[in-house]
Amino acid sequence: MKVRTRGVTVVLAVAVILTLALVARQGTSTGQSLPRDLQELVQARKLTPDQVRAALQTYVPPGQHDDYLMFSSGGQSGQVLVYGLPSMRLLRVIGVFTPEPWQGYGFSKETREVLGESEVPEETLTWGDTHHPAISETNGEYDGQFLFINDKANARMAVIDLRDFATKQIVKNPNGASNHGAVVSPNTEYVLEATQYAAPFPFGYQPVTQESYNTRFRGLATFWKFDRSRGRIDPAASFQIELPPYWQDLADFGKLESDGWVFMNSFNTERAIGGTLQKQPPMEIGASARDMDYLHIINWKKAAALIAQGKGKVVNGMRVLPLQVAIDQGVLYFAPQPKSPHGNDVAPRGDYIVTAGKLDPNVTVYSFKKIQEAIKARAFSGKDPYAVPILAFDRVVAAQVKVGLGPLHTQFDDKGNAYTSIFLDSAVSKWTLGPPYKSAAEAWKLVDKISVQYNIGHLAAVMGDTVKPGGKYLVALNKWSVDQYKNVGPLFPQNLQLIDISGEKMKLLSNTPVGLAEPHLAQIIPMDRVKSWASYPQPGTNPITMQVDPQAIKAGQARIVRRGNTVEVWMTAMRSHFTPDRIRVKKGDTVILHITNIEQAKDAIHGFAIDRYNINLSLEPGKYETVTFRANKVGTFPFYCTEFCSALHLEMAGYLEVTP
Amino acid sequence: MATDALQAQVKFARPARIPQRSRLALLAAALLLLSLAFPYWQVILFAPQYPGGLRARVYLTHVGGDAQEITTLNHYIGMPGLDAAAPLERRLAVPLVLLAAASLLLRAAGRSPAARWARLLMYLTAVVLPLAVVADLAYWLWWMGHTIDPAAPIRIDPFMPTIVGRGTVMQFSTSATFGAGFFLALAAAVLSLYDVARGRRRN
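Residue numbers (the working numbering), protein chains in the order written: chain A, 7 to 666; chain B, 13 to 215.
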């Protein structure tokens, strides 16, 4: 009996060991070598093992979703581009400053008002230059609720609601001509833009002479107040700080220990005004003469408090804190910043400010603590021509790290590393931050550098400008692609490059051409933080108010009502018909169409176009929109659904009769 | 005396220990009421462009799930919308179920054969309900499948939709099953029958 039990135990033990061995063998065998056909495929395509690894890392099988969303500026397209990472597939284009027919953006009454609300009457803008997207933040982390983006060309700021990925508001800076940057405070109380090109203040005509420039031109820091509950910027609660006429450029809000402060770079502190035909140095030479420009250090919480106390003056409806008040009240300090600086990025803990001089091989790292000590000790090395105190360089700088030629922007990872785009070298440099991120021995060292193709501008790491960077991926947004793609005419695509930053060495994973504009900044957020709608939750939702519109109708309520010279039509859209499908008006009538897509099914989208009337809407399930137009062309015009909605999509049509 | 009468009344009204048979009736009534909150029948329609399928959940009172989308699709083959079926039944459902539940609870007093017959009669609604629902469902499915608008864009022959099991309509494969509501009602019916049967045996 005893012997038998032991025998069974032994047999069992042997069986277990054999099974384990077999499993292990199988495990290693699949891990070590690819099936033959795969090997042949790799050889036929002449792929290196690294390329195969990159392909596998970025491949997202059909039907599966990416891990991250990247919101990229759409440059001159005036739009926002939304990509999935790691596949780098373009998921969405969001119309912002430019009419966009697919979304019906700028065609419906509602979206025309959004596009037009920032415009001076009789000044129709049909484009924008989007540069810097900013995802709304809560406690310094992306919360995925809203996205802001600036229009550099026309000094505008837009608000996009990420529930439906649609632009809700555009505000125009009443005192600026151009702007640079949209950055948000850690809880999105304010969205900040800098002026970029100094302009006459208040804006209007002033001659470009040195005297006039020095005295009548100004820069501005514009703090747009964001009302999160309404999802809108409140211009009446916003304010500006008057700054000297330098070219204020990129800014970043302080966070955690530096919360309450803003850091903004500037160039052209030379106050060059060009004049190539007058034998004066061109702007690029004049603006690059000095070795140092000024880092602007702004106590925005104090500025907001002063504005609240009525210390501002109202200029064109905007409250402005005068430069002299800002100086007197300790709102504004300068620190020398080498040379023609650009990026201006605050480290995750808010303790360091990293700036990069375009014409200097170093990044210069300022310590927030040292800045505070220097302000307290009044350790000034002088004043600028407008009497702004300049903090002594060596009293505020923590380190300078030689990263390469033409450093621009910096992002951070979760391991205490910083990544700086290097324009002239066409590279990304990885370097270490100082304590407490890294030990003193490891601190401030260039640890890796990777070539990119070519002329990198911005770069974006996963949550790389927040208090909790995610590491893992970085995207290089390159200005030149040169030989990376078949040239499709002389207008070359931009080149986005996905880089793996999870290991010690950076690895290039993929190239993505951008064939529609030149993107600038991008931001990357985990996919699940963006809770967007698949359809409008209430049938008849007005996309601007995000509530059921009083004019929205249900099935069976369609009607046409004439009042004098106005014909109002309440219309429903559903697969595959518009109700009504015949509308008769007289020449000269004002026609108002209230159209409700009464569908609820995901992706049951209809378009609505009237031939020759320059009208196209996008009616997503549950959406309500209005079209208003003068029926000034006589004829019988088909209207039809422009989004292939169903098997009988072509039949989803009707006629508009405009009688003589 | 007046007080005695009052006491008797109070005693009559006071819920005494619930006897075994009443407990079964109580349970049956509860299951019946609960069944209102669950679909009696459901059909899932599968097609490539609807990952996860479209569901019509037929409750006694309404059709839930993706009813609107299915109605939208129905119009292509000229089939009536889901809301067109069984209007009277949907309106009567709640009163009927309440009546059945009340009948189960209103125990016919006494042990006389007449009382038992009365009890059986009162149970009848509860016993018959699930069967009636199946019969009615079958009728309305037949009606849907045979009330095809000849002017519909896609012409199909009249057909009998599947009550339980798999079927095919256009690009959709369908899978129909009874739902929790039906099984709750069925359980109530079985309990009622058992109750009556046991009552008969005892006497």
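Cβ atoms here follow ideal geometry from the backbone N, Cα and C, with glycine treated the same way.
Fill in: Test item: CB-CB of Leu94 of chain B and Ala59 of chain B under 8 Å
no
Discussion item. If we define contact as Cβ-Cβ less than 8 Å, is Gln80 of chain B a contact residue for chain A?
Written reply: yes
Discussion item. Taking only three categories from DSSP, how would you classify Asp534 of chain A?
Written reply: helix
Worksheet item: Which term fits Lys436 of chain A, buried or exposed, when burial requires 16 or more other beta carbons within 10 angstroms of its beta carbon?
Response: buried
Discussion item. Quick check on DSSP: helix, strand or coil for Asn220 of chain A?
Written reply: helix
Discussion item. Less than 8 Å between CB atoms is the rule here; does Met577 of chain A satisfy it with respect to chain B?
Written reply: Taking 8 Å as the CB threshold, Met577 of chain A stays off the interface with chain B.
Discussion item. Considering only the alpha carbon of each residue, which of A:Phe643, A:Val633, A:Thr551, A:Lys629 lies closest to Lys593 of chain A?
Written reply: The shortest C-alpha separation from Lys593 of chain A is found at A:Phe643.
Worksheet entry | Assigned exposure category for Phe171 of chain A - 16 Cβ within 10 Å defines buried | buried
Practice prompt. Let me know if Asn638 of chain A comes out buried or exposed under the rule of 16 or more other beta-carbons within 10 Å of its beta-carbon.
Written response: Under a 10 Å Cβ-count criterion, Asn638 of chain A is classified as exposed, with fewer than 16 other Cβ atoms of the shown protein chains found around its own Cβ.
Worksheet entry | 3-residue-minimum beta strand (DSSP E) runs that sit fully inside the segment 186 to 240 of chain A, ordered along the chain | 186 to 190, 196 to 200, 223 to 233
Discussion item. Quick check: does the Cβ of Thr585 of chain A come within less than 7 Å of any heavy atom belonging to the ligand MN?
Written reply: For the structure depicted, the ligand MN is absent and the ligand set is empty, with no information on it obtainable.
Worksheet item: Would Gln343 of chain A pass as a contact of Met298 of chain A if the rule is Cβ separation under 8 Å?
Response: Yes.
Item to complete: Taking the CB atoms as reference points, tell me whether Arg636 of chain A and Thr596 of chain A lie closer together than 8 Å.
Response: Yes, Cβ-Cβ distance for Arg636 of chain A and Thr596 of chain A is below 8 Å.
Discussion item. Can you pull the chain A neighbours of Pro162 of chain B, defined as C-beta to C-beta under 9 Å?
Written reply: For Pro162 of chain B, there are no neighbours in chain A by C-beta distance under 9 Å, as the nearest C-beta there is about 17 Å away.
Worksheet item: If we cut at 8 Å on Cβ distances, does Thr180 of chain B have a partner in chain A?
Response: Chain A, which has no Cβ nearer than 8 Å to the Cβ of Thr180 of chain B, makes this no.
Discussion item. Taking a contact to mean a Cβ-Cβ separation below 8 Å, would you say Gly187 of chain A touches Leu198 of chain A in this structure?
Written reply: yes
Worksheet item: Can you tell me whether DSSP reads Tyr135 of chain B as helix, strand or coil?
Response: helix
Discussion item. The beta strand (DSSP E) that contains Ala362 of chain A, what's its start and end?
Written reply: 358 to 363
Worksheet item: For Pro92 of chain B and chain A, any beta-carbon pair shorter than 8 Å?
Response: no
Fill in: Ala121 of chain B at chain A interface by Cβ criterion, 8 Å
With a pLDDT of only 47 at Ala121 of chain B, under the threshold of 50, the placement of this residue in the model should not be trusted, and no figure is reported.
Item to complete: Below 9 Å between beta carbons is the criterion; list the residues of the segment 642 to 659 of chain A that meet it against any residue of chain B, in chain order.
Response: Ser652, Ala653, Leu654, Glu657
Discussion item. Would you call the segment 35 to 53 of chain B in contact with the segment 99 to 114 of chain B, where contact means no fewer than 3 C-beta pairs closer than 8 Å?
Written reply: yes
Worksheet item: For the segment 558 to 592 of chain A, which residues have a CB atom closer than 7 Å to at least one CB atom of chain B, in sequence order?
Response: Met580, Arg581
Item to complete: Rounded to whole angstroms, what's the CA-CA distance from Ala383 of chain A to Asp400 of chain A? Just pull it up for me.
Response: 13 Å
Discussion item. Check whether the segment 364 to 379 of chain A and the segment 408 to 420 of chain A touch, using three or more Cβ-Cβ pairs below 8 Å as the test.
Written reply: yes
Worksheet item: To which residues of the same chain is Glu119 of chain A closer than 8 Å at the C-beta, ignoring the five residues directly before and after it?
Response: Ile550
Worksheet item: Would Gly193 of chain B pass as a contact of Ser34 of chain B if the rule is Cβ separation under 8 Å?
Response: no
Fill in: Where Pro165 of chain B meets chain A, residues with beta-carbon distance less than 7 Å
Ordered by position in chain A, the residues that pass the 7 Å Cβ test against Pro165 of chain B are Leu654.
Worksheet item: Contact check, Ser508 of chain A vs Lys478 of chain A under 8 Å by CB: the rounded distance?
Response: 5 Å
Worksheet item: Between Leu504 of chain A and Pro139 of chain A, is the Cβ-Cβ spacing less than 8 Å?
Response: Remark: C-beta atoms of Leu504 of chain A and Pro139 of chain A do not approach each other more closely than 8 Å.
Fill in: For Pro173 of chain B, the three-state DSSP class (helix, strand or coil)
Taken through DSSP and simplified to helix, strand or coil, Pro173 of chain B comes out as coil.
Item to complete: Spell out whether any CB of chain A is found under 8 Å from the CB atom of Thr186 of chain B.
Response: no
Worksheet item: How many angstroms separate the CA atom of Leu100 of chain B from the CA atom of Gly641 of chain A?
Response: 49 Å
Discussion item. Quick check: the segment 292 to 309 of chain A against the segment 234 to 241 of chain A, are at least 3 beta-carbon pairs closer than 8 Å?
Written reply: Touching, no, given that fewer than three Cβ pairs across the two stretches are closer than 8 Å.
Worksheet item: Are the beta-carbon atoms of Gly562 of chain A and Val554 of chain A separated by less than 8 Å?
Response: no
Worksheet item: Just the Cα atoms here: how many angstroms apart are Ala200 of chain A and Glu46 of chain A?
Response: 56 Å
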